[in-house]
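Visitor: In UniProt numbering, the protein residues as written are 1 to 220. Handing you a structure now.
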């Protein structure tokens, strides 16, 4: 038993070392610089992007990177594949948070928000907000969003970002610069944020109405 525990700890330690080394030695920009070589072979491209989707949560890289590489290799026809990868790579942080993070005030506040807004709508509007994908995934897990609605909501809410990433990936100039910051049009960011506000508006109005009714009752 002690031998098994030591081996398990050694394996975990080795994994953490590999992840830390990759985070230091590699970067999204380094991945983009090798996109041409990866995209030269469709089988290699699929294998590389699937592997990237698996390790991405450990490195906290943006999900847009997947769409960029897929767009560069497959063009706009690769959108469904890119969106599938984005959804799959978002699940591990969600499951981790759902398993270990559902305690405390933050979890209670998240559950209250989801109860008012609904599982699906809460995930969609959170995805439309220009926030890090893993933050949204962890928040959904802490709030107790059900898995099927998390998957569907992520697919819907991430669609604009996947489209933008794939379109940017089709441009050789986007890959040549190796920068993710300018890959997404600022107008899309504003439009997505406005859509999130519109989705949240009914919940905000309901909350305000309840507070107003409560204040009137106290006054009487």
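Each residue gets a CB set at the ideal place from its N, CA and C atoms; glycine is no exception.
#1: Are residue 106 and residue 142 closer than 8 Å when you measure CB to CB?
#2: Alpha carbon to alpha carbon, what distance is there between residue 59 and residue 25?
#3: Classify residue 250: buried if its beta carbon has 16 or more other beta carbons within 10 angstroms, exposed otherwise.
#4: In the DSSP assignment, find the alpha helix (DSSP H) that holds residue 184 and state where it starts and stops.
#5: Could you tell me the alpha carbon to alpha carbon distance between residue 87 and residue 205, rounded to whole angstroms?
#6: Applying the 10 Å Cβ sphere with the 16-neighbour rule, what's the burial state of residue 94?
#7: Go to residue 159, then tell me how far its alpha helix (DSSP H) extends in each direction, as first and last residue.
#8: Is it true that the CB of residue 193 sits closer than 8 Å to the CB of residue 124?
#9: According to DSSP, simplified to helix, strand and coil, what is residue 149?
#10: Give the range of the alpha helix (DSSP H) segment to which residue 74 is assigned.
#11: At which residues does the alpha helix (DSSP H) containing residue 109 begin and terminate?
Guide: In terms of the structure at hand:
#1: Position 106 of the chain shown, counting from 1, holds the residue named residue 106. Position 142 of the chain shown, counting from 1, holds the residue named residue 142. Cβ atoms of residue 106 and residue 142: closer than 8 Å.
#2: If you number the chain shown from 1, residue 25 lands on position 25. If you number the chain shown from 1, residue 59 lands on position 59. At residue 25 the pLDDT is 49, less than 50, meaning the model places this residue with poor confidence; the figure from the coordinates comes in the next sentence. One C-alpha to the other measures close to 11 Å.
#3: In this structure the chain extends from 1 to 220, so residue 250 is not present and cannot be described.
#4: Looking up residue 184 in the chain shown gives position 184. Careful: residue 184 lies outside any alpha helix (DSSP H) and carries neither H nor E.
#5: The residue you call residue 87 lines up with position 87 of the chain shown. The residue you call residue 205 lines up with position 205 of the chain shown. Cα-Cα distance, rounded: 31 Å.
#6: By 1-based counting over the chain shown, the position of residue 94 is 94. With 16 or more other Cβ atoms from the protein chains shown falling within 10 Å of its own Cβ, residue 94 counts as buried.
#7: Position 159 of the chain shown, counted from the first residue, corresponds to residue 159. Counting along the chain, the alpha helix (DSSP H) containing residue 159 begins and ends at 159 to 169.
#8: As a first step, residue 124 is located in the chain shown; it is residue number 124 there, counting from the start. As a first step, residue 193 is located in the chain shown; it is residue number 193 there, counting from the start. Not in contact: residue 124 and residue 193 (Cβ atoms no closer than 8 Å).
#9: Working through the chain shown from its first residue, we reach residue 149 at position 149. The answer is helix: DSSP assigns residue 149 an H, G or I state.
#10: Along the chain shown, read from residue 1 onward, the residue named residue 74 stands at position 74. Residue 74 -> alpha helix (DSSP H) spans 64 to 74.
#11: For the purposes of this step, residue 109 is identified with residue 109 of the chain shown, where counting begins at 1. Here the alpha helix (DSSP H) through residue 109 covers 104 to 117.
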